[in-house]
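**Q**
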Amino acid sequence: MKICYLPGDGIGPEIMAQALRVLDILAADGIKIEREEGLLGGAAVDAAGSPYPESTQKLARAADAVLLAAVGGPKWDVLERPLRPERGLLGIRKDLNLFANLRPAILYPELANASSLKPEIVSGLDILIVRELTGDIYFGEPRGIALENGKRVGRNTMIYSEDEIRRIARVAFEAARKRSRKLCSVDKMNVLETTQLWRDVVIEVSADYPDVELSHMLVDNAAMQLVRAPKQFDVMVTGNMFGDILSDEASMLTGSIGMLPSASLDEKNKGMFEPCHGSAPDIAGKNLANPLAMILSTAMMFRYSFADEATAARIETAVKAVLASGLRTGDIYEADTRRVSCSEMGDAVVANLKR
Ligand code: NAD
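When you read off a place in the sequence shown, starting at 1, and then add 97, the result is the number in our numbering.
#1: Given a threshold of 16 other Cβ atoms within 10 Å of its Cβ, counted over all protein chains shown, does Asn246 qualify as buried or as exposed?
#2: Which stretch, first to last residue, makes up the alpha helix (DSSP H) that contains Pro110?
#3: Determine, using beta-carbon pairs with one atom in the region 164–180 and one in the region 280–293, whether at least three such pairs fall under 8 Å.
#4: Within 10 angstroms of the Cβ of Arg184, are there 16 or more other Cβ atoms? Answer buried if so, exposed if not.
#5: Consider the C-beta atom of Glu167 and the heavy atoms of the ligand NAD; say whether any pair is separated by less than 7 Å.
#6: Is Ile112 near the ligand ATP, in the sense that its beta carbon is under 7 Å from a heavy atom of that ligand?
#7: Please tell me whether Asp428 and Gly355 are closer than 8 Å, where the distance is taken between their beta carbons.
#8: Does the beta-carbon of Ile392 have 16 or more other beta-carbons within 10 angstroms, so that it is buried, or is it exposed?
#9: Can you list, in chain order, the residues of its chain with a C-beta nearer than 6 Å to that of Ala445? Leave out the 5 residues immediately preceding and following it.
#10: Quick one: give me the first and last residue of the beta strand (DSSP E) that Val227 is part of.
#11: Report yes if the C-beta of Leu362 is less than 7 Å from at least one heavy atom of the ligand NAD; otherwise report no.
#12: State buried or exposed for Ser258, treating a residue as buried only when at least 16 other CB atoms are found within 10 Å of its CB.
#13: Measure the CB-CB distance between Leu343 and Leu311 and report whether it falls below 8 Å.
#14: Any heavy atom of the ligand NAD closer than 7 Å to the Cβ of Glu134?
#15: Between the Cα of Asn366 and those of Gln322, Arg267, Gly382 and Arg452, spot the shortest distance and give me the residue it belongs to.
#16: Could you tell me which whole beta strand (DSSP E) segments of length 3 or greater appear in the region 162–224?
#17: Spatial neighbours of Arg132 within its chain, please: CB distance less than 7 Å, with the 5 preceding and 5 following residues excluded, ordered by chain position.
#18: So if DSSP puts Met314 in a beta bridge, which residue, or which two residues, is it bridged to?
#19: What are the partner residues of Glu134, as DSSP defines its beta bridges?
#20: Once the 5 residues before and after Ser376 are set aside, which same chain residues still bring their CB inside 7 Å of it?
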């Protein structure tokens with residue numbers, strides 16, 4: 098397994114160091130892992146003059162999977178747009194054709210108080226949102242702001258081809274098969290023709306997955322149900338714009354940004370795996386960051402790119418054990434738990450993996 102890892106900026110190198118220690122343990126247990134470091138984001142701008150330099154492009158294309166920590170920071174916000182760290186992120190996603198974004202929102206029972214919702218509504222929450230990442234109104238043409246009859250008009254185009262819908266639907270059905278075989282497709286077919294096509298194609302694809310129970314929900318209702326009774330959902334699949342909003346809403350149900358991993362996959366399940374959070378410049382360099390989203394992203398890499406469920410589950414079990422033992426970084430700290438640093442949290446996960 099060839100992994101390209103990109104520590105990036107801010108807390109990125111600190112949390113990546115902990116994920117690499119996890120990989121070391123797995124390698125010592127016989128899993129063959131080759132890994133090479135690349136530059137992305139602000140670090141790449143500083144060292145190579147581009148947020149996604151050619152050397153990283155070569156590494157990322159040749160790898161079986163990419164692990165990314167986080168990019169960005171105030172130091173680079175003054176640069177012209179093509180040089181900003183976020184361009185590196187968009188660049189690598191586009192370059193690797195990562196069209197499927199998988200974001201789990203899991204609330205560990207020990208962290209039930211971190212949510213803004215009542216513990217009984219969210220305790221045990223385990224949702225996977227599958228978001229289409231390279232199409233929809235974010236990329237559709239024509240787009241722009243133009244002057245028409247002396248007045249400014251803004252325009253974007255919501256567009257999906259049946260092939261784009263079919264391939265993301267397949268990812269979602271496959272993911273549902275690895276979980277509780279329930280899939281909810283979210284659209285707005287009552288007003289948007291594009292999403293009528295979405296619903297039609299998802300129903301067509303469902304014929305190949307008779308073992309998965311498919312339901313449909315309009316996006317406004319889905320937004321409401323996510324805060325009313327989120328545990329009714331298992332896997333949700335939706336387009337780029339609805340997914341952008343719903344996945345942020347779902348992830349915040351867990352109340353702890355330092356815990357949330359994500360995966361972005363291409364058609365062959367090659368993927369980039371990264372925490373949902375950013376580079377947290379306010380705590381960078383202080384050994385305070387929560388490394389668990391990064392470590393859980395590593396687990397997702399084994400599950401989705403390497404089809405190694407046992408190793409993914411082993412990492413996740415170690416994380417659960419550490420939480421159960423009462424260790425917390427600052428972002429998830431509460432009374433009667435023990436506050437630890439980023440590297441101490443890494444120590445604890447590694448110790449559990451060794452058992
Ligand atoms: P952020 O996610 O970096 O931070 C938001 C808050 O959450 C901060 O208070 C931070 O300290 C805290 N936080 C985030 N991750 C944490 C962790 N692992 N442990 C403990 N606390 C954590 O969002 P922001 O402040 O809006 O953005 C900071 C920079 O990150 C910006 O330059 C932004 O563009 C970039 N960003 C990058 C990504 C990415 O690389 N995928 C995503 C979002 C933002």
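Don't be surprised by glycine CBs; every beta carbon is placed ideally from N, CA and C. Being a predicted model, the structure only gives us computed values, none of them experimental.
**A** This is what the structure gives:
#1: exposed
#2: Gly109 to Ala125
#3: no
#4: buried
#5: Just to set this straight, residue 167 is Ala in the shown sequence, not Glu. Answer for Ala167: yes, Cβ within range of the ligand NAD.
#6: As for the ligand ATP, it is missing from this structure, which binds only the ligand NAD.
#7: yes
#8: buried
#9: Val419 and Leu424
#10: Asp223 to Glu229
#11: no
#12: exposed
#13: no
#14: no
#15: Arg267
#16: 162–167 and 197–203
#17: Ile100, Tyr102 and Leu120
#18: Val283
#19: Tyr102
#20: Gly105, Asp106, Gly107, Ile108, Gly109, Ala167, Val168, Gly169 and Gly170
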